[in-house]
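A.B. asks: Structure provided below as structure tokens; questions to follow.
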Amino acid sequence: MSPEVTAASFPNLVEGGEPLAIHFWAEWDRVDRDMDKNIQLIAPRLKGWVSFYAADVDRPENIDWCKSLNVVSIPCLIVFVNGLRTRHIIGLGDEKELTQKILHGLCSAPTMQRPWWKFW
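Numbering (numbering that gives the first Met the number 0), first residue to last: 0 to 119.
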């Protein structure tokens with residue numbers, strides 16, 4: 000399993016600026032185990048490009064956070080680049096499909112790290 004992230008620890012991770020992929024999961028969902036296996040297979044290949052984390056949707060402190068991110072179905076993987084959500088992946092895909100979707104999320108990120116009006 001990837002390192003755990005919670006609603007409380009998320010802001011610090013996002014502020015770090017590195018691309019993140021967060022797997023939203025639940026203990027009772029068997030499909031999440033397969034999703035985690037796929038993540039563990041692709042994580043070494045994407046090392047240096049994206050860091051993987053896991054968030055338990057059933058933890059009381061994560062419920063409102065999950066709602067705010069529109070996590071309505073699991074398994075769900077959300078890619079964040081420069082603090083922005085660039086890809087929302089729902090459902091289990093094979094290793095190749097998951098890799099392509101994550102890379103698409105990494106490439107879809109805006110290049111400007113702050114809004115244009117903050118330059119003045």
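Glycine included, C-beta positions come from ideal geometry on N, C-alpha and C.
Over the uninterrupted alpha helix (DSSP H) stretch that includes arginine 32, give me the two end residues.
C.D. replies: Working through the sequence shown from its first residue, we reach residue 32 at position 33. From DSSP, the alpha helix (DSSP H) with arginine 32 extends over 29 to 41.
A.B. asks: Per DSSP, which one or two residues make a beta bridge with isoleucine 89?
C.D. replies: Stepping through the sequence shown from its first residue, residue 89 is reached at position 90. Its beta-bridge partners are Cys75.
A.B. asks: DSSP state of glutamate 14, grouped into three classes?
C.D. replies: Your numbering for residue 14 matches position 15 in the sequence shown. DSSP places glutamate 14 in helix when its eight states are reduced to three.
A.B. asks: Would asparagine 69 be called buried (16 or more neighbouring beta carbons within 10 Å of its own) or exposed?
C.D. replies: Residue numbering aside, residue 69 sits at position 70 when the sequence shown is read from its first letter. It is exposed - the Cβ of asparagine 69 has fewer than 16 other Cβ atoms within 10 Å.
A.B. asks: What does the alpha-carbon distance come out to for the pair arginine 86 and glycine 104?
C.D. replies: The residue labelled residue 86 in the question sits at position 87 within the sequence shown. The residue labelled residue 104 in the question sits at position 105 within the sequence shown. Arginine 86 and glycine 104 have their C-alpha atoms spaced approximately 5 Å apart.
A.B. asks: Using three-state DSSP, classify leucine 83 as helix, strand or coil.
C.D. replies: As a first step, residue 83 is located in the sequence shown; it is residue number 84 there, counting from the start. Three-state result, leucine 83: strand.
A.B. asks: Among the residues of its own chain, which have a CB less than 7 Å from the CB of cysteine 106, if the five just before and after it don't count?
C.D. replies: Taking the sequence shown and counting its residues from 1, the one referred to as residue 106 is at position 107. Nothing listed; no residue qualifies.
A.B. asks: Under DSSP, the beta strand (DSSP E) around serine 50 begins and ends at which residues?
C.D. replies: The residue labelled residue 50 in the question sits at position 51 within the sequence shown. Run containing serine 50: 50 to 55, per the beta strand (DSSP E) assignment.
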